[in-house]
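*Asks:* Supplied in structure tokens, the structure appears directly below.
Residue numbers (my numbering): 4 to 1198.
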């Protein structure tokens, strides 16, 4: 009975290509003739009485009896009067029928949702009931569907026999009493998952049980499809979602049956042809006739199945794949994947593939994900590649853009799809197109980077197969290609991320230590060896691979897939670490000897011993010789270099070898002591000449490099026995007084002196015996002298000395600057140096002059390269963090934080995270004092504007106030006292001088109003009383604005403008008004009309001004929502003539779209793909060496 639509669907599918058509072209066809016919198809009257449905015959009988009874005369003897008893019996019968129908539907629903009964048994039981009375069984099935939607209504026998599907659904919509957006299909947890699985299995099993009989009776499944199509067209989300789920899985089951029937038809056709090709004497007429009849029957079945599939596709899929609910769109795309793969002969063509291409532009990541996953299943089949060439050429550009999708998981699956395209199709992706994927190996998302590494590895393997001819090992070629790629990339500091991306697929090549070391030790000759940049790149890759193998953890910003390693993984890790140890112990001295002069290479190579099992050095005599070679090479590197990073790498290795848990630690200690003695002698030898100004450049250079080495060693080892504080302090004092000491001496002298003080503090705290009082006094004197010296260095013009003095001052004051009060003060706590006001002022001036300053205004930094600017920014961040630690640890009072807080907005990009953390910590110390400090910061900014305050300057301060207000949190009860204190201080400041006629501070109330939305009602009332008390009869616009902000409790303190409908919405309103009488076809156009009707009814004058929700704050939106609810309640109390309006409103309340916001239905070609635009959304790893830079700063 649905064959009317077969010809139309075939015409659509036989076009040259539908990939460039739009969804609206299909809708123009469907909306005109398909849907009205489908809605009446269940009960359509055929031309012959023999094929008419018994159900339809009974419906016509009921109609005739009704009409005849309506036209009969009252005094006719055949029209008996209905007594009250008979009416009661009918009502009781109808009630029993409803209870029986509800009981049967509930039995099906409970069996499916609970999962306790086998679905096959449930389906068989229902089929037995259906075969006894198919109309009653079909009604039971309809009620089961309705109950699965979460609707409490029922399809009664009277409704089933006398009403069309549209009327039934309309009646059920009015009885849909569920106010929440929850229904069984979207239920969470194991219960919801079990229900969805059971429901889908029920539909699939129903088709399987009926595939040889009832599937072709043109009644059961045709009626079910017509009913599901009507539900899928409903305005109620629960109806649409549930019916779409059922229809899509019904389609998948029918497609599976159609595939089997098609295969059977092919077999029957071949057998028939074989029988026909036989000679006449060998032909069996009966056999041939039987085969021909079987073949014709299968063709009829194919035609009926095709008609059924077209009805589901056109009636449900074509409308619901563009539904406003993303879950419904994703469901449609996911099920299309099954149809394309199971029945490619019918579905794998451009007419169906275009829907997957269109869904790549969807705004929701879940829908794009399903589309990409569906395409993956198709490209995995080699037999499908030929049919996908046109689709690939059409949508390849979109796929390449999606590798930068904002959703990292979608981007990950897209790269996997591109890999399948490259593997399956020759020339599927050009080299330029592949280059869009390569940078993703450095992405912070590990899954995306891993699949990008697989993509890169596939390319490198192709090049290896092309280049290798048996003379060269594949691993050598791989490493050469990988180093070339790393050099050509723009991310030279992120070798660890490249290695982690390739670790899963290229772990064998990356752990080939023998090949790596042989390439590095190979001497550079004609055509052999590596170039300098290739050696540096290979060393970085090798060190990153060693770290990955030894620690078995990804880089810092890539979260590990598993937090805890399994026993097998830990065992493999230990084996790999042992292998690294035994391979590199004899070769590392050779590598250090070759690259000892190169800063970059030697600093990388010195990280290798940190991943050794160092106990191996004491196992055999041969390895002890390797230890001697390593110590000599490290000491030689220390003597050759004075760069800080090289010296730090050497110190880490030396003190790792000096650990007491190793048997060879004494040997390492002896080597370190000899190195320190030599270095100290070089410094002392030229010290007196430097103080007297008699040293030449070479002597100054020797002393400076020696002092740098001593400073680095002091950071890791207690050198107080060498008494370096006195010569360093003398050097600093001479440099400050004469201004003739070179900065290369001043900076390490500051470091050495600071570390001497810190180690003295450690010694005092570690010693069990009581420390001599004289020692404590000496230490206190040293601390005071050093702080005064650092303070005198702050005004110097030498930036390196000035910056180092500020950093040392912050570190020393954190340890020694806390003032301890009380009777019980320990000896350790007595050694303190609380900073005075002069020192605080000097440090605040440094903060404003050299930290909160624009780098572009600094003439010294105009010509600096980008990396140097980043280094300067890192140093400024470290200095600001040091100053903030003084605030957090109580060295400075919170009032000193005003210099930090008032720059929060201006320097948010550079220091926003540090200032935000400081704000949070200050609230922990004292919430009220923190709020007062915030207010004081704003007062200082306001006062700095002078008498003439420009609107632009006031706007900047208000923006700062908004940002600071958001830092108070969302728990209004906890912030009541701080906010009250802030408002009181602000009111007092604004009224300062008003008695004498000075009203220059009144505009501060505009700034203070930005904090009003955080107040609770009680505090607003209290502040209003306080404001009226202190202001008296003072009236001005600023006071009125602040008063209004307190009364409304809103940040929207500006005078409200008349609400004007935007032009776009005005045009849509006019269009919906002109279309009020047009019948609705799909739910995709009903929301706009319903929204307009809702607005029309809500306004007393017929229309209501509109405003976008983006123009209102959260409190305004809530207030307007309350006003709307009150308005609706007042309308419900009107005269009875508005009852139809009320019923219409009750229907509209079921619709899940938000009519106040009035979103437009997204059209496919009008999608603005906000989730996957051309912005580079891949976040690259941080250059910092910690997962949280703030943790490092504040520890």
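The C-beta atom is built at its ideal place from N, Cα and C for all residues, glycine as well.
As the structure is a computational prediction, the values presented were derived from the model and not from experiment.
Just to confirm the assignment, what range does the alpha helix (DSSP H) spanning residue 442 have?
*Replies:* Element bounds for residue 442: n/a, residue is neither H nor E.
*Asks:* If I measure Cβ to Cβ from residue 605 and keep anything under 7 Å in the same chain, skipping five residues before and after, which residues do I get?
*Replies:* If we look at residue 605 and ignore the five residues flanking it on each side, its Cβ neighbours are 595, 598, 599, 640, 649.
*Asks:* So which of 820, 534, 902 has the shortest CA-CA distance to residue 918?
*Replies:* For the residues 820, 534, 902, the minimum Cα distance to residue 918 belongs to 902.
*Asks:* Using a Cβ-based criterion (distance less than 7 Å to any ligand heavy atom), does residue 499 qualify as near the ligand HEM?
*Replies:* With respect to small molecules bound, the structure shown includes none, and the ligand HEM cannot be examined in it.
*Asks:* Look at the alpha carbon of residue 355 and the alpha carbon of residue 314, and state the distance between them as a whole number of angstroms.
*Replies:* Going from the Cα of residue 355 to the Cα of residue 314 covers about 15 Å.
*Asks:* What does the alpha-carbon distance come out to for the pair residue 271 and residue 217?
*Replies:* Roughly 22 Å separates the two Cα atoms.
*Asks:* With respect to the alpha helix (DSSP H) encompassing residue 2, which residues constitute its N-terminal and C-terminal limits?
*Replies:* Residue 2 cannot be examined here, being either before or after the span of the chain that is shown, 4 to 1198.
*Asks:* Under a Cβ-count criterion, where at least 16 other Cβ atoms within 10 Å of its own Cβ denotes burial, should residue 741 be classed as buried or exposed?
*Replies:* Exposed is the call here.
*Asks:* For residue 255, collect the residues of the same chain with a Cβ closer than 6 Å to its Cβ; drop the 5 residues on either side in sequence, then sort them by chain order.
*Replies:* Only 338, 341 meet the Cβ criterion.
*Asks:* Could you confirm whether any beta carbon from chain C is found closer than 8 Å to the beta carbon of residue 281?
*Replies:* Among the chains of the structure shown, chain C does not appear; only one protein chain is present.
*Asks:* Is the separation between the beta-carbon of residue 451 and that of residue 379 shorter than 8 Å?
*Replies:* Contact flag unset, no.
*Asks:* Under the three-state reduction of DSSP, which class applies to residue 356: helix, strand or coil?
*Replies:* Note: residue 356 maps to helix in three-state DSSP.
*Asks:* Can you tell me whether residue 511 is buried or exposed, with buried defined as 16 or more other CB within 10 angstroms of its CB?
*Replies:* Exposed, because fewer than 16 other Cβ atoms sit within 10 Å of the Cβ of residue 511.
*Asks:* Which class does residue 432 belong to by DSSP, given the choice of helix, strand or coil?
*Replies:* Coil, per DSSP.
*Asks:* With distance defined between alpha-carbon atoms, name the residue in 803, 296, 266, 298 nearest to residue 345.
*Replies:* Minimum Cα distance to residue 345 is reached at 266.
*Asks:* State whether the stretch 248-264 contacts the stretch 273-287, with contact taken as three or more CB pairs (one from each stretch) at a distance under 8 Å.
*Replies:* Result no; under three Cβ-Cβ pairs closer than 8 Å.
*Asks:* Closer than 7 Å by C-beta to residue 750: which residues in its own chain qualify, once you throw out the five before and the five after it? Chain order, please.
*Replies:* Result list for residue 750: 803, 804, 807, in chain order.
*Asks:* So, helix, strand or coil for residue 531, using DSSP?
*Replies:* The answer is strand: DSSP assigns residue 531 an E or B state.
*Asks:* Using a Cβ-Cβ cut-off of 6 Å (strictly less than) and excluding sequence neighbours within five positions of residue 930, which residues of its own chain qualify?
*Replies:* Same-chain partners within the cutoff: 981.
*Asks:* What is the C-beta distance between residue 244 and residue 188, in whole angstroms, given that I count them as a contact (C-beta under 8 Å)?
*Replies:* Confirmed, about 5 Å.
*Asks:* Using the Cα positions of residue 292 and residue 321, report the straight-line distance between them to the nearest angstrom.
*Replies:* Approximately 42 Å between the Cα atoms of the pair.
*Asks:* Looking at the structure shown, is residue 239 part of a helix, part of a strand, or coil, going by DSSP?
*Replies:* Coil at residue 239, not helix or strand.
*Asks:* Does residue 158 come out as helix, strand or coil in the three-state DSSP assignment?
*Replies:* In the structure shown, residue 158 sits in coil (DSSP, three-state: anything other than H, G, I, E or B).
*Asks:* If you scan the stretch 670-695 from start to end, which runs of the alpha helix (DSSP H) of 4 or more residues do you find wholly inside it?
*Replies:* Counting only runs of 4 or more, we get 690-695.
*Asks:* Rounded to whole angstroms, what is the Cα-Cα separation between residue 914 and residue 897?
*Replies:* For residue 914 and residue 897, the distance between alpha carbons rounds to 19 Å.
*Asks:* Starting from residue 556 and walking both ways along the alpha helix (DSSP H), at which residues does that stretch end?
*Replies:* Residue 556 -> no alpha helix (DSSP H), and no H or E assigned at all.
*Asks:* Compare the beta carbon distance of residue 617 and residue 637 with 8 Å and say whether it is the shorter of the two.
*Replies:* No, the pair does not count as a contact, with Cβ atoms beyond the cut-off.
*Asks:* Below 8 Å on the Cβ atoms is my guess for residue 455 versus residue 446; work out the distance and round it to an integer in Å.
*Replies:* Yes, they are in contact, since the Cβ atoms of residue 455 and residue 446 sit about 7 Å apart, within 8 Å.
*Asks:* State whether the stretch 206-216 contacts the stretch 147-158, with contact taken as three or more CB pairs (one from each stretch) at a distance under 8 Å.
*Replies:* These segments do not touch.
*Asks:* Specify whether the stretch 975-993 and the stretch 949-966 touch according to this definition: at least 3 beta carbon pairs, one from each stretch, less than 8 Å apart.
*Replies:* No, the stretch 975-993 is not in contact with the stretch 949-966.
*Asks:* Residue 230 to residue 168, Cα distance in whole Å?
*Replies:* Residue 230 and residue 168: Cα-Cα distance of roughly 6 Å.
*Asks:* On the CB-based measure, 16 or more other CB atoms within 10 Å of its CB, does residue 1073 come out buried or exposed?
*Replies:* Low per-residue confidence applies at residue 1073: pLDDT is 39, beneath 50, and the placement is therefore not dependable enough to give any value.
*Asks:* CA-CA distance, residue 135 and residue 238?
*Replies:* Near 35 Å, if we compare the C-alpha coordinates of residue 238 and residue 135.
*Asks:* Can you tell me whether DSSP reads residue 765 as helix, strand or coil?
*Replies:* Helix, per DSSP.
*Asks:* What residues in its chain sit with their C-beta under 7 Å from that of residue 935, if we drop five residues either side in the sequence?
*Replies:* Result list for residue 935: 984, 985, 988, in chain order.
*Asks:* State buried or exposed for residue 1124, treating a residue as buried only when at least 16 other CB atoms are found within 10 Å of its CB.
*Replies:* Reliability of the predicted coordinates at residue 1124 is poor, the pLDDT of 40 falling under 50, and the value obtained from them is presented with this limitation in mind. Exposed, by the Cβ-count rule.
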